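The structure appears below as structure tokens.
2 protein chains.
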Amino acid sequence: MSETTEPSDDKYPLRSVGRALDVLQALGAGSGNGMSVGEIAEAIGVSRSTAFTLLQTMVARGFVADTRIGGARLYRLGLTLVHLGDRAVAEMGITQIATPILQQLTDATQLTSRLAVLDDGYAVAIGRVDAPGPFRMTASLGRRELPHCSSVGKSLLARLPSEQVMAILTRLGMPRRTEHTLTSQAALIADLRETAARGYAFDNEEDNIGVVCVGAAVYDRTGDAVAAISVTCMKLGRSEDDLHQLGSAVRAYADRISLLLGGPAHSALPPLA
Amino acid sequence: MSETTEPSDDKYPLRSVGRALDVLQALGAGSGNGMSVGEIAEAIGVSRSTAFTLLQTMVARGFVADTRIGGARLYRLGLTLVHLGDRAVAEMGITQIATPILQQLTDATQLTSRLAVLDDGYAVAIGRVDAPGPFRMTASLGRRELPHCSSVGKSLLARLPSEQVMAILTRLGMPRRTEHTLTSQAALIADLRETAARGYAFDNEEDNIGVVCVGAAVYDRTGDAVAAISVTCMKLGRSEDDLHQLGSAVRAYADRISLLLGGPAHSALPPLA
DNA sequence: GATAATGTTCGGCTATGCAGAACAACGTTC
DNA sequence: GAACGTTGTTCTGCATAGCCGAACATTATC
Numbered sequence: 004m005s006e007t008t009e010p011s012d013d014k015y016p017l018r019s020v021g022r023a024l025d026v027l028q029a030l031g032a033g034s035g036n037g038m039s040v041g042e043i044a045e046a047i048g049v050s051r052s053t054a055f056t057l058l059q060t061m062v063a064r065g066f067v068a069d070t071r072i073g074g075a076r077l078y079r080l081g082l083t084l085v086h087l088g089d090r091a092v093a094e095m096g097i098t099q100i101a102t103p104i105l106q107q108l109t110d111a112t113q114l115t116s117r118l119a120v121l122d123d124g125y126a127v128a129i130g131r132v133d134a135p136g137p138f139r140m141t142a143s144l145g146r147r148e149l150p151h152c153s154s155v156g157k158s159l160l161a162r163l164p165s166e167q168v169m170a171i172l173t174r175l176g177m178p179r180r181t182e183h184t185l186t187s188q189a190a191l192i193a194d195l196r197e198t199a200a201r202g203y204a205f206d207n208e209e210d211n212i213g214v215v216c217v218g219a220a221v222y223d224r225t226g227d228a229v230a231a232i233s234v235t236c237m238k239l240g241r242s243e244d245d246l247h248q249l250g251s252a253v254r255a256y257a258d259r260i261s262l263l264l265g266g267p268a269h270s271a272l273p274p275l276a
Numbered sequence: 004m005s006e007t008t009e010p011s012d013d014k015y016p017l018r019s020v021g022r023a024l025d026v027l028q029a030l031g032a033g034s035g036n037g038m039s040v041g042e043i044a045e046a047i048g049v050s051r052s053t054a055f056t057l058l059q060t061m062v063a064r065g066f067v068a069d070t071r072i073g074g075a076r077l078y079r080l081g082l083t084l085v086h087l088g089d090r091a092v093a094e095m096g097i098t099q100i101a102t103p104i105l106q107q108l109t110d111a112t113q114l115t116s117r118l119a120v121l122d123d124g125y126a127v128a129i130g131r132v133d134a135p136g137p138f139r140m141t142a143s144l145g146r147r148e149l150p151h152c153s154s155v156g157k158s159l160l161a162r163l164p165s166e167q168v169m170a171i172l173t174r175l176g177m178p179r180r181t182e183h184t185l186t187s188q189a190a191l192i193a194d195l196r197e198t199a200a201r202g203y204a205f206d207n208e209e210d211n212i213g214v215v216c217v218g219a220a221v222y223d224r225t226g227d228a229v230a231a232i233s234v235t236c237m238k239l240g241r242s243e244d245d246l247h248q249l250g251s252a253v254r255a256y257a258d259r260i261s262l263l264l265g266g267p268a269h270s271a272l273p274p275l276a
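Spelled out as structure tokens, the structure:
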């Protein structure tokens, strides 16, 4: 997985600020073993001295941590970011309510479960309970994921008016991730209709071969889908029936969260506008 | 809790970057309901137009999220920060190993448990498992906390050579937080000696009246205290004996994490240098 | 010990980012 | 419903903050 951090064409008002953010994203995309000044400079396309100055200011504030190792310095993401990320999640409110239910869902299914919201059209996970055991299924938080090949994305899109869905899909595109990815708006909207009817969504190897996710939406007082939850598992040896059974289980847990928010269960939803 | 975000005397190389980071910290310290351009401008001490430009660049990158509400705009922390915070924690490695044990500790004690490391002398939580029930004991992640009045802080300091401890204490100061806070280096070092001997540390209403924490250090292959765990509870009606019993329980769970890291249990530690 | 590969500092030119004021879009009040 | 106040947004010009390249310092490598 060689993610290249593109120097994000600085057409933004504040160049130095943009570059500072580039540094953070480069460190976030990096191998995790830290980066040297030179590496960072190259990654964001500036001179070493510029990168150095950027890093200095961010280290002073705890946004970047540095560790000297002999004459060299390695830079990594600082813990201030942990704090801000935690605050950002806390401000969303849903997380505290949902996490215990996610834990129950993971206990019941032995699968990694996630909580996600729609952000600017993207599906973004804001909570997670890892499956027991050393399985290390990469479930990162806060990363923007395309909604058309994600169970939480589809759960959330399913309750949106189709003009809005089409606007989002047009804006973000529907790139093919696997041979099962739905790449036409018509196909996806048909899938969303089914999803809305049954109350749970599938990602059937549409994002990664061999991996399936099952998601269901969470509704607040106003009946809007404000979030979605999902579980992730291996396709290997699971029948259609198994997946549908999993689906109604996930939907049941989602309904429990909706209940805590004062929202309706899926079965009590008003029809789509 | 009226935390004022001081405009952090811009004596840093890059002014605009420093201000951008100020904006993030202001949003993090804010009420959580979002802030307007004007509020932010005032908080960090710049003109409205400057704040506006700063916000624009950060919104474009997802570091800040904006929500229009009528003609007004409210800014809050963006989800990109969640991603970076998650990456920062993931890069520390310990978290994945420790979290299941923290969960067990919380299950066994019904108390909120935390995992923390020493960062620049400060104690910083990087993992947390909340107690069941709606108790809302504020346990924020990633915030720098003074080590002299924290059970995790004291657990970590206890295994450091006393010159280093004194250097840290001198640098950070030992402000009085409650009537029980240890405010002299001599008193704290005596406490640390006891802590090192028994393998668990107390914060006995030293940070907040009515709240006690019990912590224990986690050791890696090299025998260094790389992290510490703790539980937090109300003082109300707990005897000395109860707390010591809790202490040896926390120590036992910390030892389990050390074991997973290939490090020694507390009882197998070499004597201090 | 010489060479290479870093990290760090310096200085000068330029473009950048700053503030303040003008403009626009709302909400509010009488 | 019109005048006002408030807040978000754009504009413009000047000063300086920030960028690069090159020199210097430091540490690994052979």
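Heads up: the sequence lines are chains Z and C, in that order.
For the first sequence, our numbering gives the first residue as 4, with consecutive numbering after it.
For the second sequence, our numbering gives the first residue as 4, with consecutive numbering after it.
Here a beta-carbon is modelled for each residue, glycine too, at the ideal position from N, C-alpha and C.
Bear in mind that the values here come from a model prediction, so they are computed numbers and not experimental data.
Short CB-CB distance (under 9 Å) between residue i and chain Z
| i | result |
| --- | --- |
| C:L87 | yes |
| C:V221 | no |
| C:G35 | yes |
| C:E111 | What sits at residue 111 of chain C in the sequence shown is Ala, not Glu. Chain Z, which has no Cβ nearer than 9 Å to the Cβ of C:A111, makes this no. |
| C:M4 | Only weak support is given to the placement of C:M4: the predicted model assigns it a pLDDT of 39, under 50, and the value that follows is read from those uncertain coordinates. Taking Cβ atoms only, chain Z never reaches closer than 9 Å to C:M4, which makes this a no. |
| C:P103 | yes |
Backbone CA spacing between residue i and residue j [nearest angstrom]
| i | j | result |
| --- | --- | --- |
| C:M237 | C:G213 | 6 Å |
| C:V20 | Z:L24 | 9 Å |
| C:G266 | Z:V155 | 40 Å |
| Z:A268 | Z:S187 | 30 Å |
| C:R117 | C:L108 | 10 Å |
| C:A255 | C:V234 | 13 Å |
| C:D244 | C:G202 | 16 Å |
| C:L114 | Z:L82 | 24 Å |
| Z:T225 | Z:L275 | 13 Å |
| C:G41 | C:R196 | 51 Å |
| Z:L239 | Z:T181 | 16 Å |
| Z:G37 | Z:T60 | 17 Å |
| Z:A111 | Z:E94 | 28 Å |
| C:G33 | C:I43 | 10 Å |
| C:A128 | C:G145 | 5 Å |
| Z:P164 | Z:V221 | 17 Å |
| C:L27 | Z:R241 | 45 Å |
| Z:A54 | Z:D69 | 14 Å |
| C:S52 | Z:A170 | 32 Å |
| C:Q248 | Z:L249 | 42 Å |
| Z:R147 | Z:L175 | 11 Å |
| C:D12 | C:G31 | Reliability of the predicted coordinates at C:D12 is poor, the pLDDT of 41 falling under 50, and no value is obtained from them. |
Outcome for residue i when other beta-carbon atoms lying within 10 angstroms are tallied against a minimum of 16
| i | result |
| --- | --- |
| C:A29 | buried |
| C:D210 | buried |
| C:N207 | buried |
| C:I72 | exposed |
| C:T173 | exposed |
| C:E6 | Confidence in C:E6 is poor, its pLDDT being 39 and thus under 50, which makes the residue's placement unreliable; the coordinate value appears in the next sentence. By the 10 Å Cβ count, C:E6 comes out exposed. |
| Z:A126 | buried |
| C:P135 | exposed |
| C:R90 | buried |
| C:G65 | buried |
| Z:S270 | exposed |
| C:G124 | buried |
| C:S50 | exposed |
Residue-chain proximity (residue i, chain C), Cβ-Cβ < 9 Å
| i | result |
| --- | --- |
| Z:M38 | no |
| Z:F205 | no |
| Z:P16 | yes |
| Z:A93 | yes |
| Z:L1 | With chain Z represented from 4 up to 276, any question about residue 1 of chain Z goes unanswered, as that position is not in the structure. |
| Z:I47 | no |
Beta-carbon separation (whole angstroms), residue i vs residue j, contact threshold 8 Å
| i | j | result |
| --- | --- | --- |
| Z:R162 | Z:A199 | 6 Å |
| Z:A299 | Z:A257 | Residue 299 of chain Z lies beyond the residue range present for chain Z, which begins at 4 and ends at 276; the question has no answer from this structure. |
| C:L80 | C:V67 | 7 Å |
| Z:R22 | Z:L57 | 6 Å |
| C:V120 | C:A230 | 5 Å |
| Z:A101 | Z:I260 | 5 Å |
| C:G130 | C:L105 | 6 Å |
| C:G96 | Z:G88 | That belief does not hold up - the Cβ atoms of C:G96 and Z:G88 are roughly 18 Å apart, past 8 Å. |
Would you list, in chain order, the members of the segment 64 to 91 of chain Z that have their beta-carbon closer than 8 Å to a beta-carbon of chain C?
-> Here the close residues are R64, G65, F66, A68, R79, L80, G81, L82, T83, L84, V85, H86, L87, G88, D89, R90 and A91.
Mind checking the segment 231 to 248 of chain C against chain Z and listing, in chain order, the residues whose C-beta falls within less than 8 Å of any C-beta there?
-> Across the segment 231 to 248 of chain C, no CB contact with chain Z closer than 8 Å is found for any residue.
In chain order, what residues of the segment 119 to 132 of chain Z put their CB closer than 7 Å to some CB of chain C?
-> Listed by position, the residues of the segment 119 to 132 of chain Z near chain C (Cβ gap below 7 Å) are D122, V127 and I129.
Mind checking the segment 142 to 154 of chain C against chain Z and listing, in chain order, the residues whose C-beta falls within less than 8 Å of any C-beta there?
-> Of all residues in the segment 142 to 154 of chain C, S143, L144, G145, R146 and R147 have a Cβ within less than 8 Å of some Cβ in chain Z.
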